[in-house]
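Residue numbers (this note's numbering): 60 to 246.
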């Protein structure tokens, strides 16, 4: 069980390392994209303010009902682009918080596993992975040897159950000795 726990710890650590690397790369990529979008958004806002001023929509019942009191009149669809960038920003923030949550779960798992390994004897804690794997293979080999030994014992017992020999005593009487299943009998 110690070997299995050690193997589990090793595999979990490797998986966590891979996830951490993946999420770090993803976070960097998303940060670069966010900065690009922020730069684009800032430059687009400057263009809108410089080129196209805010225009008040006419006050009529339909515009007030639809919530269109003020809007930017722009043929390029800047309002849609801003909302898309806002959605992407929220998505990036959600992914970032999800990454942080997953990282904290991974840290908790590692901490739990290190607490488990801390309870192992000092000699086992000092052993490296290769020696633990060799020990594990040796134990598996011992188990296979034991199974083979028990199998040969069973075969010998089955052979002995069929033994029946007549024995002559020096007094002249003849006895029949049988080894049968549960009990041995002399006749």
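We treat Cβ as the ideally placed atom computed from N, Cα and C, and that holds for glycine.
query                                                                                                                                                      : result
Mind reading off the beta-carbon distance from residue 158 to residue 208? Whole number of angstroms is fine, and I expect it under 8 Å.                   : Contact flag wrong, Cβ pair sits at about 54 Å.
At what residues does the alpha helix (DSSP H) containing residue 201 begin and finish?                                                                    : 188-220
For residue 237 and residue 225, what's the separation of their Cα atoms in angstroms?                                                                     : 9 Å
Can you give the Cα-Cα distance for residue 170 and residue 197, rounded to whole angstroms?                                                               : 30 Å
If you measure between the beta carbons of residue 175 and residue 75, is that distance less than 8 Å?                                                     : no
Whose CA, out of 178, 86, 90, 212, lies closest to the CA of residue 162?                                                                                  : 86
One question on the structure: do residue 151 and residue 93 come within less than 8 Å of each other, judged by their Cβ atoms?                            : yes
Strictly by DSSP, which residues pair up with residue 223?                                                                                                 : 237
Write down the C-beta distance between residue 71 and residue 164 rounded to the nearest angstrom, noting that I regard them as a contact closer than 8 Å. : That belief does not hold up - the Cβ atoms of residue 71 and residue 164 are roughly 12 Å apart, past 8 Å.
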